[in-house]
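Chains as they are written, first to last, in the working numbering: chain Y, 7 to 153; chain U, 7 to 153.
There are 2 protein chains.
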Amino acid sequence: MAVPSGPVTASTDAERAMFDFVDAYDRAYETAALEHGLSVAQACVLGRLTRQIGMRELADELGCDASNITQIIRRLEVRDLVRRLPHPDDRRSRQIVRTPNGTTLYAAFEESFEFARSATANLSAGEQDQLVALLRKALNGTRKPNG
Amino acid sequence: MAVPSGPVTASTDAERAMFDFVDAYDRAYETAALEHGLSVAQACVLGRLTRQIGMRELADELGCDASNITQIIRRLEVRDLVRRLPHPDDRRSRQIVRTPNGTTLYAAFEESFEFARSATANLSAGEQDQLVALLRKALNGTRKPNG
DNA sequence: CTAGATGCTTAATCCAATCAAGCATCTATC
DNA sequence: GATAGATGCTTGATTGGATTAAGCATCTAG
């Protein structure tokens, strides 16, 4: 299990609650991924493939190097979860798509990752709206490392 | 940069807001760690060392294998950020402590990791209380992978 | 036609995580 | 006491993620 990313000594209740929530979210995600033989990175990449997309584009969206994507996609391809199609117009480029296997597996993963669903279900409609507003307001003005 | 752990296609506003928040939090943490030459795991471990603590205890708290801690601590020790003291009563055991260097560096890291502080500062006292209550309520009943 | 940009891959390196073994030490029991 | 098993930690091996530098093929602007 990955190590939790957050301070242990939060100075306020709010910081503590944020950390606890983030930690629970991350752990739930990792657990769900492992249940389906996926790493966190693999699950995340698989989840992005709702449409054909190039390697470069994928790397930009995920904020990491293209060579990183290369190896993640290779591992997914070996398991027949994705396929790399030639780009119709640009022979340098590949279009990545999920295979039916990949789509099925990802659906199963999402079913396992019930964290956000459960968390949402614990709140009334009004509370959900409140939470959304508060989270967005809290985010406002925080530094965004990569766009 | 690590890949974001979360679904891209969130089915509700609330899920989307949760993911955005978690993603921003994780990225801010990683960025702050990198600014001080620390990995996420290293920053996290360093943050736990507010008291003397054994390797076993550390591994349990972080929910990972003891051998994982061994190597993380070794890298921190090489940089004189932590020290491994013999346990007074049990010669198998080590007590890990931060060196003054480690304490200084971690303080600087925490200063850089302003995400939770800024996010909190964006909210009034009343809103903070609301957020804490909502986050805790949302967490209630979600599966807890490791206690 | 060519210089440079672009899309991707490969190889090398570092770190994190996990597993299986192993050593030293401790503890409970005989 | 002796010893069997538990405990604390380390080591080595393996897997995977992330980054960097280098390289190839292709595209595009001039």
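Yeah, the Cβ is synthetic: ideal placement off N, Cα and C, and Gly gets one too.
List the endpoints of the continuous beta strand (DSSP E) containing U/L91. V88 to P92
Going by the beta-carbon positions, is the gap between Y/V88 and Y/R100 smaller than 8 Å? No, Cβ-Cβ distance for Y/V88 and Y/R100 is not below 8 Å.
With distance defined between alpha-carbon atoms, name the residue in U/L140, U/K143 and U/R90 nearest to U/R57. Per the Cα distances, U/R90.
So does the segment 118-130 of chain Y actually touch the segment 138-150 of chain U, counting three or more Cβ pairs closer than 8 Å? Because the criterion of three Cβ pairs below 8 Å is met, the segment 118-130 of chain Y and the segment 138-150 of chain U touch.
Under 7 Å Cβ-Cβ, which residues of chain U neighbour Y/D26? L145
U/R97 - DSSP class collapsed to helix/strand/coil: DSSP places U/R97 in the coil class of the three-state scheme, outside both helix and strand.
At the level of alpha carbons, what is the spacing between U/D19 and Y/E120? Within the model, the alpha-carbon separation for U/D19 versus Y/E120 is close to 15 Å.
Hey, is U/D19's beta-carbon within less than 8 Å of any beta-carbon in chain Y? yes
Under three-state DSSP, which class holds U/R85? coil
Helix, strand or coil: which one does DSSP assign to Y/R22? helix
Runs of 4 residues minimum, wholly inside the segment 96-149 of chain U: which ones carry the alpha helix (DSSP H) assignment? 106-118, 121-127 and 131-145
Look at the Cβ atom of Y/L129, then the Cβ atom of Y/H42, and state whether they are nearer than 8 Å. Contact flag unset, no.
So is Y/E117 in contact with chain U if we call contact Cβ pairs under 8 Å? Chain U, which has no Cβ nearer than 8 Å to the Cβ of Y/E117, makes this no.
Going along chain Y, which residues have a C-beta under 9 Å from U/L129? A20, L140, K143 and A144
Between the segment 54-69 of chain U and chain Y, which residues of the former have CB atoms less than 7 Å from a CB of the latter, in chain order? R54, T56, L68 and G69
When you compare the CB of U/S124 with every CB in chain Y, is at least one pair closer than 8 Å? yes
So, does the CB of Y/G153 fall closer than 8 Å to a CB anywhere in chain U? In this prediction, Y/G153 has a pLDDT of 35, which is less than 50 and means its spatial position is unreliable; what the coordinates show is noted afterwards. Closer than 8 Å: no.
The alpha helix (DSSP H) with U/V9 in it runs from where to where? First-last for U/V9: undefined, no H or E at that position.
Looking at the C-beta of Y/T109, does it have a partner C-beta in chain U at a distance below 8 Å? no
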